[in-house]
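Heads up: the sequence lines are chains A and B, in that order. Okay, so the first sequence: first residue is 1 according to the numbering used here, each after it adds one. Okay, so the second sequence: first residue is 292 according to the numbering used here, each after it adds one.
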Amino acid sequence: MRSARSNTFSIAMSTTDEIRRWSEELARDPASLVFLQLGEALRRQGQSEIALKVALRGLERYPRTAEAHDLVARIAVDRRDFVRAADEWEAVLRLVPDHVGAMKGLGYICFQQGRFDDAEWYLAHAGGGDAVSAALETVRRSSGGIPQLEVGSIDAADVSPNKPELPVDPQRLFEDILVDDGQTALLLDASGYVLGGLYVDGDGNDLAHEIGAQLSGISEEVVRATRHLDIGEWKSIVFETHVAVVGMAPTPDQGLVVVAASRATPLGLLRLLIDRCCARTAGWIGRSQTS
Amino acid sequence: MSAHFGSILDDLTRQRGVRASLIVSESDGLVIDASLRFGQNGDRVAALAAAMYRKARLSARAARLGAVAFLQLDAERGRICAVGGRGDLVLVVVAEPSANVGLIRVELLKALEAIE
């Protein structure tokens, strides 16, 4: 569930605080194994370049640590560097032959490469779990003609070749883009109606329509201001409140993307999230129009 | 320009890329004080910025997000930043797209403290 209410913002703050704390700890003690947590947190925040640097530096110190190779592999998949990811997961299996995460990861990569027999072998050895079973079932049904899937981010704990390129459920449109539970995003049409995304409060109430209607009114004032001040089309508006940071950007079809996050979220990260949500929106609307 | 507000606004306008800085009444959109570069229409900027800030504040409150402290609008050829406090006053800066908005934000928040 995602909410921008104050109670969940405290949860959202924790990741940023933890990254800061782990960074400081690693700076104090470069030999610390905390690079594993720091790299993973950065990866989940979408900062794959920094995550990779942290992970590689840690791997230099701990070349015999399977989890360090596993971390590099997962970051490599996020960066669509499947060759490197496969190398790292194979290194994991040399150290820990029954490493479940590496099995799942290699199964996923083999599936991406159309090597269905290999994918089935790895997934069958990855143990149980619904995600693995579903993935295995898909591999068993697959033939060589299946197109490869595009995947933006992979989690070794949740590898599934069924993962679609874009979410089918409109409420889950931005789910994989948002990096903390305290973040929320909505796609509104030109009338302020919700097209996608979710806004749920701490009690589980869906506030998307109410929030969307309230916030969409700001864009009318923004359009008026930019027109009269002759400063061109507006690109985004960001505002900080006492409990949240909120960003909005127009979509090509006169709609609006709204992203809200905890007050602790850096404005730069908020802008990055807005850009990603806008890019997701463009692809999603394009697909809706062609299907 | 009053001497007290004048020095605050001049400090803001000296920031790289800042075209104008104003103190505006949020409720009626009138200019209280301004430091403008040549060619800027202070009344128009004040009215529009105040309306935009007011709308953001009311919308955020209705959305249960709390009071708006800082607002930033990015457009193709310019940026508008605004901060408001407990009272009716809103500090507004109009800047170039290339202006360092992080620095402007810090200066605006400092200026707000000084006028409250």
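Every residue gets a Cβ at the ideal spot worked out from N, C-alpha and C, and that includes glycine.
What does the alpha-carbon distance come out to for the pair residue i and residue j?
i               : j               : result
R84 of chain A  : A76 of chain A  : 6 Å
D319 of chain B : K346 of chain B : 13 Å
R271 of chain A : W284 of chain A : 20 Å
K104 of chain A : Q45 of chain A  : 22 Å
S298 of chain B : S48 of chain A  : 45 Å
E150 of chain A : E404 of chain B : Bear in mind that the predicted position of E150 of chain A carries a pLDDT of just 35, short of 50, making it unreliable; the figure below should be weighed with that in mind. Near 50 Å, if we compare the C-alpha coordinates of E404 of chain B and E150 of chain A.
E210 of chain A : R355 of chain B : 10 Å
R352 of chain B : Q214 of chain A : 9 Å
E67 of chain A  : L36 of chain A  : 7 Å
A279 of chain A : P250 of chain A : 11 Å
D230 of chain A : L380 of chain B : 25 Å
E25 of chain A  : L188 of chain A : 42 Å
L195 of chain A : Y122 of chain A : 39 Å
A282 of chain A : R348 of chain B : 29 Å
P161 of chain A : Q112 of chain A : Confidence at P161 of chain A is low in this model, with a pLDDT of 44, below 50, so the placement of that residue is unreliable and no value is reported for it.
V315 of chain B : S350 of chain B : 20 Å
D301 of chain A : A390 of chain B : Residue 301 of chain A cannot be examined here, being either before or after the span of chain A that is shown, 1 to 291.
L273 of chain A : I177 of chain A : 7 Å
L207 of chain A : D365 of chain B : 27 Å
E317 of chain B : T265 of chain A : 27 Å
D98 of chain A  : W89 of chain A  : 11 Å
Q148 of chain A : G114 of chain A : Note on Q148 of chain A: pLDDT 38, under 50, position unreliable in the model; the coordinate value appears next. Roughly 7 Å between the two C-alpha positions.
C385 of chain B : F82 of chain A  : Inspection of the sequence shows that residue 385 of chain B is occupied by Val rather than by Cys. C-alpha separation (whole angstroms): 47 Å.
H228 of chain A : M343 of chain B : 12 Å
W22 of chain A  : R28 of chain A  : 10 Å
G247 of chain A : R328 of chain B : 29 Å
R172 of chain A : F296 of chain B : 49 Å
L300 of chain B : P170 of chain A : 47 Å
V392 of chain B : Q183 of chain A : 23 Å
I109 of chain A : A225 of chain A : 50 Å
S32 of chain A  : E387 of chain B : 45 Å
P30 of chain A  : S236 of chain A : 40 Å
D180 of chain A : G212 of chain A : 20 Å
R80 of chain A  : Q331 of chain B : 49 Å
A190 of chain A : R57 of chain A  : 48 Å
G197 of chain A : W234 of chain A : 22 Å
Q254 of chain A : A124 of chain A : 48 Å
Considering only the beta carbon of each residue, do residue i and residue j sit closer than 9 Å?
i               : j               : result
A260 of chain A : Y199 of chain A : yes
S262 of chain A : A244 of chain A : yes
F361 of chain B : L303 of chain B : no
L93 of chain A  : V72 of chain A  : no
V238 of chain A : Q363 of chain B : yes
A185 of chain A : C277 of chain A : yes
L42 of chain A  : V34 of chain A  : no
E407 of chain B : G376 of chain B : yes
G232 of chain A : G378 of chain B : no
I323 of chain B : L313 of chain B : yes
A325 of chain B : G333 of chain B : yes
V383 of chain B : V336 of chain B : yes
E40 of chain A  : R74 of chain A  : yes
Buried or exposed: residue i, going by 16 or more other Cβ atoms within 10 Å of its Cβ?
i               : result
K401 of chain B : exposed
P252 of chain A : exposed
V374 of chain B : buried
V222 of chain A : buried
E175 of chain A : exposed
S219 of chain A : buried
D117 of chain A : exposed
L321 of chain B : exposed
G268 of chain A : exposed
D78 of chain A  : buried
R307 of chain B : exposed
A311 of chain B : buried
Our contact map puts residue i next to residue j with C-beta atoms below 8 Å; I'd like the distance itself, whole angstroms only.
i               : j               : result
V309 of chain B : I395 of chain B : 7 Å
V359 of chain B : T241 of chain A : 5 Å
A51 of chain A  : H69 of chain A  : In fact, because the Cβ distance is near 14 Å, the residues do not count as touching under 8 Å.
G107 of chain A : A119 of chain A : 5 Å
R64 of chain A  : L95 of chain A  : 6 Å
Using a Cβ-Cβ distance under 9 Å, would residue i count as near chain E?
i               : result
A225 of chain A : Although the question refers to chain E, the structure presented lacks it and instead comprises the protein chains A and B.
So if I threshold CB-CB distances at 7 Å, which residues from the stretch 388 to 405 of chain B count as touching chain A? none
Taking a cut of 7 Å between CB atoms, which residues from the stretch 228 to 243 of chain A lie near chain B? H228, L229, I231, G232, E233, W234, K235, S236, I237, V238, F239, E240, T241, H242, V243
Closer than 9 Å, Cβ to any Cβ of chain A: which residues of the stretch 350 to 365 of chain B, in chain order? S350, A351, R352, A353, A354, R355, L356, G357, A358, V359, A360, F361, L362, Q363, L364, D365
Going along the stretch 245 to 266 of chain A in order, which residues come within less than 8 Å of chain B, judged by CB to CB distance? V246, A260
Taking a Cβ distance cut-off of 7 Å, strictly less, list which residues of the stretch 205 to 223 of chain A are near chain B, in chain order. I211, Q214, L215, G217, I218, E221, V222
Where the stretch 177 to 197 of chain A meets chain B: residues whose CB sits under 8 Å from a CB there: none
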